[in-house]
Each structure stands twice: as structure tokens, then as C-alpha cells.
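These notes are about the structure you will find just below.
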Amino acid sequence: MNNKEKFIKYEKLLKNWSTRINLVAPSTLLDIYNRHIMDSAQLADYIPKDVKIIDLGSGAGFPGVVLAILGWNVTCIESVRKKTLFLETLKQELDLPNLTIINDRIENFLSKRPVNTGNFIFTARAFAPLIKILDYTFKTKCRLFLLKGRQIESEINEAKKKYKFDYKLYQSKTGDGYITYIKP
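Each residue of the sequence shown is one higher than the one before, counting from 9 in the numbering used here.
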């Protein structure tokens with residue numbers, strides 16, 4: 009199965025599962041490819057190929073599963089068991105041996121496993137405010153690539169009161185948000 013076929017199957021599975029559990033906003037089911045898949049895929053232009061990705065609060069698999077389809081080694085962390093079952097279905101149905109699914113809270117996962125700053129990066133989309141993400145990840149000193157909305161400037165200002173970090177904002181190609189790069 010090539011990537012195009014995987015994305016088509018991903019859309020079908022997401023629509024099917026969304027009738028039973030809340031994975032994405034119902035209004036976005038009409039344009040999954042542009043609204044979710046392409047939005048997530050734009051991270052591929054910024055993330056080095058030689059890193060391992062830890063996707064925080066993976067939910068429906070955005071951006072983690074999309075990046076796994078595109079070839080990255082991805083670990084999706086999701087605390088809600090129903091969503092984890094969906095992610096496990098995606099892993100199996102889309103034949104993604106480079107995708108690992110962990111059903112746990114992020115703080116528990118990070119307290120159990122050492123994370124090497126050079127080898128890992130964190131991603132997240134529609135997960136939490138920046139300061140909360142940094143509360144979880146800052147001690148690892150890993151870089152972050154986050155898909156954030158229009159309010160990111162105020163989130164950065166708030167986070168700067170507690171943490172020192174460098175950042176870059178890149179205008180989203182698919183909406184009015186930003187790809188936010190954070191380097192602790």
C-alpha cells in the first residue's frame with residue numbers, strides 16, 4: 009500500500025470510528041485531507057529525518073500517524089483508552105511498524121523513560137497550551153514542533169515568564185495558525 013492509499017484508508021477509518029467516539033470536530037469530517045492530514049504533513053518540511061518523534065496527546069493521530077506514514081519513527085502518547093484503540097487499529101490497518109502506541113499520561117511516560125535530547129523531538133496538535141506542554145517536556149531539553157493557532161504569541165509570552173527558550177514561528181500553509189518551533 010503506497011502513502012496515498014494509506015491516507016485514503018486513514019480517512020475512511022477516521023470517519024467510521026468518529027460515529028462511535030469523538031476523535032475530531034464533526035464539522036471537520038467533510039475535509040479530513042486538507043484540515044487534518046495536510047495540516048499535519050506540513051511538519052515534514054521542518055523535522056529532520058534522523059530523529060524519533062514523541063507525539064503528545066495523539067488523539068486521532070494528528071500529527072503522529074501522518075508523520076509515521078511519511079517515514080518517521082513515531083511514538084504516540086494518548087491517555088484515553090478508546091483513542092488508543094483507534095491508533096492501534098491505524099497501526100495495524102496501515103501497516104506502520106515504525107509507529108508505537110502508548111496508553112499513558114505524558115507525565116507518567118516521561119518519568120519512566122529517559123529521553124535523549126539529540127535523538128528525540130516532541131510534536132503536538134490541538135493538545136494543550138504551550139506552558140502546559142513545557143511543564144511536561146522542558147526538563148528533557150528536547151526540541152518541539154507544535155501546530156498552534158493564532159493565539160500562540162500570547163502563549164509564548166506566558167511561557168517566557170516561567171521558561172527560557174528560543175522559538176521560531178512559521179505561517180501554516182493550511183490555515184491561519186503556525187508551526188511553532190521551540191528549543192529549550
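Ideal Cβ positions, reconstructed from N, Cα and C, are used throughout, including at glycine.
Member of the options whose CA lies at the smallest distance from the CA of residue i
i, options, result
"Phe130", "Asn10, Leu51 and His44", "Leu51"
"Ala76", "Leu64, Lys99 and Ala68", "Lys99"
"Lys60", "Met46, Arg43 and Trp80", "Trp80"
"Asp197", "Ile62, Lys170 and Lys169", "Residue 197 lies beyond the stretch modelled for the chain, which goes from 9 to 192, so this question has no answer here."
"Lys156", "Ile141, Lys169, Lys170 and Trp25", "Ile141"
"Arg201", "Glu101, Lys181 and Ile190", "The requested residue 201 is not part of the displayed model; the chain covers only 9 to 192."
"Lys14", "Val74, Gly183, Leu154 and Phe70", "Val74"
"Asp58", "Phe117, Ile16 and Asn127", "Asn127"
"Lys120", "Thr36, Tyr144 and Phe153", "Tyr144"
"Phe153", "Pro56, Thr36 and Lys169", "Pro56"
Three-state class that DSSP yields for residue i in the structure shown
i, result
"Thr27", "coil"
"Asn111", "strand"
"Gln179", "strand"
"Leu102", "coil"
"Asn10", "coil"
"Lys128", "Before going further, note that residue 128 is Phe rather than Lys in the sequence given. Correct three-state label for Phe128: strand."
"Lys60", "strand"
"Lys120", "helix"
"Asp174", "strand"
"Tyr41", "helix"
"Tyr54", "coil"
"Val88", "coil"
"Lys20", "helix"
"Val32", "coil"
"Lys168", "helix"
Assumed close pair residue i, residue j - CB separation to whole angstroms, cut-off 8 Å
i, j, result
"Tyr171", "Leu177", "So it is not a contact: roughly 17 Å between Cβ atoms."
"Ala134", "Leu64", "Actually they do not touch by this definition, with Cβ atoms about 11 Å apart."
"Ile45", "Cys84", "Wrong, their Cβ atoms sit about 15 Å apart, outside the cutoff."
"Tyr189", "Tyr54", "7 Å"
"Leu21", "Glu86", "With 8 Å as the limit, Leu21 and Glu86 do not qualify as a contact, their Cβ atoms being about 16 Å apart."
"Leu31", "Gly67", "6 Å"
Any non-hydrogen atom of the ligand GDP within 6 Å of residue i CB
i, result
"Val74", "In the structure on display, the ligand GDP does not appear, and there are no ligands present to speak of."
How do the region 90 to 106 and the region 147 to 154 stand: do at least 3 beta-carbon pairs fall below 8 Å, yes or no?
no
Pairing CB atoms from the region 82 to 95 with CB atoms from the region 149 to 168, are three or more of them under 8 Å?
no
Could you pull out every unbroken alpha helix (DSSP H) segment of at least 4 residues lying fully inside the region 138 to 164, listed in chain order?
138 to 145
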